[in-house]
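Sequences listed follow chains A and B, in order.
Heads up, our numbering is the position in the first sequence plus 29, with the first residue counted as 1.
Heads up, our numbering is the position in the second sequence plus 29, with the first residue counted as 1.
Report on the following structure.
2 protein chains.
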Amino acid sequence: MSTYHAPVADMRFVLFDVLGAEAQFQRLGFADATRDVLDAVLDEAARFTETVLAPLNAVGDREGCRLDQASGRVTTPTGFKQAYAQFVEGGWAGLTSPAEFGGQGLPHAAGVPLKEMIDASNLAWGNFPLLSHGATEALMHHGEAWQQEVFLKPLVEGRWTGTMCLTEPHCGSDLGLLKTRAEPNGDGSYSITGTKIFITAGEHDFTDNIVHLVLARLPDAPAGSKGISLFVVPRERVGQDGSAGGANAVRCGSLEHKMGIHGSATCVMNFDGAQGYLIGQPHKGLMAMFTMMNTARLAVGLQGLGLSDRALQNALRYSRERLQMRALSGAKFPDKPADPIIVHPDVRRMLLTCKALVEGGRVMGYDAALQVDIAHHAPDAAEREQADVLVGFLTPIVKACLTEWGVECTYQALQCFGGHGYIAEHGMEQLSRDARITTLYEGTTGIQALDLLGRKIMQLQGAGLRIFLAQVMSFCDAHANDAAVAEFIAPLREKAAQWQQLTLQVGKRAAANPDEVGAASYDYLMYSGYVVLAYWWARSVAAANASAQPQTFKDDKRDTARFYFARILPRTLAHAAAMESGVAGLPELSVDVA
Amino acid sequence: MSTYHAPVADMRFVLFDVLGAEAQFQRLGFADATRDVLDAVLDEAARFTETVLAPLNAVGDREGCRLDQASGRVTTPTGFKQAYAQFVEGGWAGLTSPAEFGGQGLPHAAGVPLKEMIDASNLAWGNFPLLSHGATEALMHHGEAWQQEVFLKPLVEGRWTGTMCLTEPHCGSDLGLLKTRAEPNGDGSYSITGTKIFITAGEHDFTDNIVHLVLARLPDAPAGSKGISLFVVPRERVGQDGSAGGANAVRCGSLEHKMGIHGSATCVMNFDGAQGYLIGQPHKGLMAMFTMMNTARLAVGLQGLGLSDRALQNALRYSRERLQMRALSGAKFPDKPADPIIVHPDVRRMLLTCKALVEGGRVMGYDAALQVDIAHHAPDAAEREQADVLVGFLTPIVKACLTEWGVECTYQALQCFGGHGYIAEHGMEQLSRDARITTLYEGTTGIQALDLLGRKIMQLQGAGLRIFLAQVMSFCDAHANDAAVAEFIAPLREKAAQWQQLTLQVGKRAAANPDEVGAASYDYLMYSGYVVLAYWWARSVAAANASAQPQTFKDDKRDTARFYFARILPRTLAHAAAMESGVAGLPELSVDVA
């Protein structure tokens, strides 16, 4: 069985030494977010996830969720419901929600290590509270006062959970095609009718009520994506005064049989004239959804990170224990029947690949979360605006790269186990199967790539890239004479310059043919991710060197950074060449079957 | 559910137009292997695999194998046993075995398309006859006459199946550690005692007897890999005269719960003084195993190829049917609610990646099989020797690359389905899970990489590489003025030259520090694979152009080759940079847990 130990020391290093989060939180007005409080949160989160959630991970995979067709009710795996009760009891549900709605009022970035720990310890379970978070944000920013009172507060307290009902059988990425209808009832409520699929946490036994946020069309809606409105539809009806109104006409029709995350209930939800209320303006539902899209996508990125870390931890342990063959340079442990496989350079290559992507990815993911806080709470409007642009720019990179790397790290870590990795009892194959969903939901990697290049670069004229590159250049200038990081500055400058050039080139080509955007988008995205990670690795080395961390920690960061620059960053060469070849190298494929 | 259509047209192109197999087979003395016969074999194999095996693929995944603990007997999934009976009835079991042992006497390479079709249609089922093949080869080359009469003939006829019992709980890659004992009984037989794990097809309900080939130590065996002998141990005892001798002391103790290939029985086999007979010389068991290792590894490479092709076929179909969003360059199907996703360049990128790796990989895999035939049957001893060296050189490349690409193609193809790919009903996630075993068994990718660089390059002084590069250069020279392939010749020459240089460099470094081999091996292997594939793509274009294929076929090969050279071959840049960084970039990782 795979084990999990929350990497609290590295999380502290990232938050406090690299990102200076303590000072940032104070500057942003989070008076309670002191180092003492944050340290206590980390320790308690580690305890909760290691002892309560991690042991349920294999259970959830084995048992899955069960639907009782007669009642439409779902039973979650053994222990999941009790774990959720402990989660609510511990005050975790509203950790980063504003105090006025019953939350703990900590900054968004302070909740990110908890999120990573949940994902690593039990991704399937973590999807239940995760989906509440999206509903919480939508109601916080777009809900009327009574909706916040009636629906938002129970969500923040964790008494109820939420869902996001977007996808329909014929539309996923293209929500403009959706068909679910909303008819006004004349009393301020609406009747919602339609079928939604892939609804995570659509039905379960954790709470007495479930708050569905549903995209649907009003009778007078324009066609396409400009005619979509957002509704709140509780499973148990609630009046505007909070009075109970009996069962609503919404029901789980079936559960999907999935490759992984078996413990998550992925539901087909049938709305059959269900009572709901409009959130925000009519026909502006997609815009309301966009409010929460960045944080939802960043959250899925953290899922990739968490799974990668757990996979790495277990591969490290196995590679230290498993004795097989001698080192090519001679026996390292002659007293044992063979050397532990960690002595083999190729095993180290796999482990270090995971390590470089996990530790670097952690800074990448946490930084984006900190930018979310800055975008909302910086005292200066220009700084808020700039951070907002930066979040928009970083989100597709963080989401896509951390999840693609999640697939890669769970692959490499399993590979360290040889054939044993393929067997369920070691838990490695579950991590691989669970990771596989993360490059698909909340927008596939291809959708992230289009968002980055088509929207954040082309439509917004690269504003986010300029802000980010200014950070990189400022760091390079500040450390031009810093012996601790000198070896990384020149290659970082070079990659940053090439990033700019490639951006200009693809922009020029796209002006002539819009399909050039789609032809370059994936490779542009991955290229970007590797340069962003190079920046964070260089900064990690500088931060470690300037910190009070022990010398072994500093050496370890420097060695891993060297590995990253020597072995991983060269992938940019392949991505650059691929994107430079343009749409000409992507021949049409017949639409008619040959 | 995923569908499968055997790609008979491309198989014919590869065999006859690219590799000139018909003339080769005649030259090698296979008088019966005429084009008519081979065409009929292809058509019949397509019919059998499409109609009998493919429909059982999802069944096998869902049901898995079941062990009855009381009897130690395994029940295979519904339909598997009947399909095997049809397989034997159709004469497929001995298709490429010599006529003297009851086979059809066709060349090894003539059986490879059947093998690919079986793997694509039902990998889990295919493992049962596959394992017989290894046992057949061992007995053919090392068995005594009575052993061939008693054990080999039923294997060739398919009346019995075989296994390879190598791995033990504490030893996989490092067979020198194995502990299973063989004690002489004084009557020419031995008593075998020990536990073997990961035994594919170790127990099942297809046949009346199962022939286990078992590695074990004789009482006087030297330690390590030089003290291992090979034994034949039938489940039902058989005398040297073929007389039935009752149940043997060998029993399936349990079945592994695996990520995929659920329809394959992966057994723990307990030998408790089981009666067996020595095959070949005492203490020379590993050498006898090496006889069949190349073909076993090439066979696993074909598994990666078959799964890739099936994944691609289904992704192509889905991408033509699924309507989602408009092309960036404007609606391509304005009469439909949205364009089929195949119009999006990034979807084409994923499909073409699979197509380039599948069609190029097919030539790579089939060529290696043809070299096996040449190594055994060429009239000239020097040619046989040269082909044998080439097979040894190509085997780790073919095995590792076709399986790594199998993981990649099943990933990319699933990605085309978006969230639907994660759901069991489309069958894509099964292909991904099934593909995951192929980079692990018969030697992980890391083991293949060490075999290539440590053994085939360093120990054998690059003899295989020289032979292969001579082929490449001869092709480049012959086509220097061929307009149809001119665009591919220069980059191919350049990569081939760099391959030589990198080989010399790593050789020099390894002379100073043997760990440099392990530090470079993986990247050297993948680099090699991409250059080999570039060669086969250039040759495919030349062969298509010189063939009677329709112009659309020729254009399609040229376009796919262009995609390969522009978008995939640049991966060599990253692999070259990584291997050049050497062992210095792979810091030690503490063996003690931090």
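Backbone N, C-alpha and C define an ideal beta-carbon position, used for all residues, glycine too.
C-alpha distance - residue 347/B paired with residue 442/B, whole-angstrom precision: 10 angstroms
Interface residues of chain B facing residue 231/A [CB-CB closer than 7 angstroms]: Those within 7 angstroms of residue 231/A in chain B number zero; the least Cβ separation is about 14 angstroms.
Status (buried if at least 16 other CB within 10 Å, exposed otherwise) for residue 538/A: buried
Alpha helix (DSSP H) runs contained entirely in the region 550-605 of chain B, provided each spans 4 or more residues: 580-592
Proximal chain A residues relative to residue 546/B, where beta-carbon distance stays under 7 angstroms: 357
Residue nearest to residue 209/B in terms of C-alpha spacing, selected from 304/B, 273/B, 225/B, 217/B: 225/B
Top-ranked residue by Cα proximity to residue 318/A, from 173/A, 98/A, 120/A, 243/A: 243/A
Neighbourhood of residue 376/A by C-beta distance below 7 angstroms, restricted to the same chain and skipping five residues each side: 348, 370, 445
Three-way DSSP call (helix, strand, coil) for residue 364/A in this model: coil
Chain B contact residues for residue 287/A, given Cβ-Cβ distances below 9 angstroms: 451, 452, 453, 458
Bridge partner(s) assigned by DSSP for residue 276/B: 265/B
Beta carbon proximity, residue 373/A to chain B, threshold 8 angstroms: yes
Of the residues 72/B, 59/B, 220/B, 583/B, the one placed nearest residue 126/B, counting alpha carbons only: 59/B
Residue 532/B vs residue 560/B beta-carbon contact at 8 angstroms: no
Neighbouring residues, chain B, relative to residue 592/A (Cβ below 9 angstroms): 610, 614, 615, 616
Reduced DSSP secondary structure (H/G/I, E/B, other) of residue 636/B: Only positions 30 to 623 of chain B appear in this structure, which leaves residue 636/B out of reach.
Partners in chain B for residue 521/A, counting only beta-carbon separations shorter than 8 angstroms: Near residue 521/A there are no residues of chain B at all, since even the closest Cβ is about 16 angstroms away, more than 8 angstroms.
Nearest to residue 381/B (by Cα), restricted to the options 605/B, 595/B, 470/B: 595/B
Residues bridged to residue 40/A (per DSSP): BP columns for residue 40/A are empty, so no partner.
Residues in the region 119-138 of chain A having any Cβ partner in chain B nearer than 8 angstroms: none
Chain A contact for residue 413/B (CB, 8 angstroms cutoff): no
Cα-Cα separation, residue 520/A to residue 449/B: 41 angstroms
Reference residue 92/A, options 106/A, 101/A, 82/A, 85/A, closest by Cα: 106/A
Interface partners of residue 550/A on chain B, CB under 7 angstroms: 375
Contact list for residue 470/B against chain A, beta-carbon separation under 7 angstroms: 448
Inter-residue Cα distance where the pair is residue 44/B and residue 391/B: 9 angstroms
Same chain, Cβ closer than 7 angstroms to residue 145/A, neighbours up to 5 away in sequence not counted: 331, 334, 335
DSSP bridge partner residues for residue 241/A (one or two, in chain order): 192/A, 262/A
Cutoff 7 angstroms; reference residue 616/B; Cβ partners in own chain excluding five residues on either side: none
Supposed close pair residue 477/A, residue 425/A - CB separation, criterion 8 angstroms: 4 angstroms
Min CB distance residue 602/A to chain B below 8 angstroms: yes
Residue 536/B versus 608/B, 288/B, 34/B, 366/B, residue with shortest Cα-Cα distance: 608/B
Backbone secondary structure at residue 223/B - three-state DSSP: strand
Any chain A beta carbon closer than 8 angstroms to residue 318/B: no
Stretch pair the region 391-407 of chain A + the region 301-321 of chain A: three plus CB contacts closer than 8 angstroms: no
Interface flag, residue 381/A vs chain B, CB-CB below 8 angstroms: yes
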